[in-house]
Amino acid sequence: MATIASHQRMKPVLNAFIAFLLLGTSAAMAACPPEMGGTTAEEIRDNQARIVCLQNEVAAEARMRKLEFDIDAVERRLQDMQLQQRIDSLPKYVPPPVYVPPVMPPML
335 MATIASHQRM KPVLNAFIAF LLLGTSAAMA ACPPEMGGTT AEEIRDNQAR IVCLQNEVAA
395 EARMRKLEFD IDAVERRLQD MQLQQRIDSL PKYVPPPVYV PPVMPPML
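All residue numbers for the sequence shown refer to my numbering, where the first residue is 335 and numbers rise by one.
Written as structure tokens, this is what we have:
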């Protein structure tokens with residue numbers, strides 16, 4: 335049962351990831367020349383140039399995603415450090431002294 339629940343929680347994340355990939359590749363395709371149909375030398379060169387353009391766009395997008403990931407990691411680390419600093423600034427717990435009853439001399 336736990337695996338079904340975890341899969342259901344992961345479904346929106348997976349959908350968002352797929353949408354992000356599709357949007358990223360569609361933006362790369364828009365910046366590069368359209369695909370040329372045919373087998374002439376010029377059309378083959380144009381398609382090779384398009385492929386190089388697409389590869390450059392994907393590489394640039396991958397660099398941007400890595401930078402975003404690194405920025406997010408640094409922000410999380412900063413939040414962890416701030417939280418730890420707040421915890422460290424709390425007053426330390428000092429237990430109360432142990433009560434020792436006074437010793438009374440025996441009465442005769």
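Every residue gets a Cβ at the ideal spot worked out from N, C-alpha and C, and that includes glycine.
- C-alpha of PRO425 to C-alpha of ALA396: approximately 46 Å in a straight line.
- Look at the beta carbons and you see the segment 402 to 410 not touching the segment 379 to 392: under three pairs across the two are nearer than 8 Å.
- For CYS387, the uninterrupted alpha helix (DSSP H) segment begins and ends at 375 to 423.
- Between LYS400 and PRO367, the alpha-carbon positions lie close to 26 Å from each other.
- Taking 8 Å as the upper bound for CB-CB distance, GLU391 and ALA365 are in contact here, some 6 Å apart.
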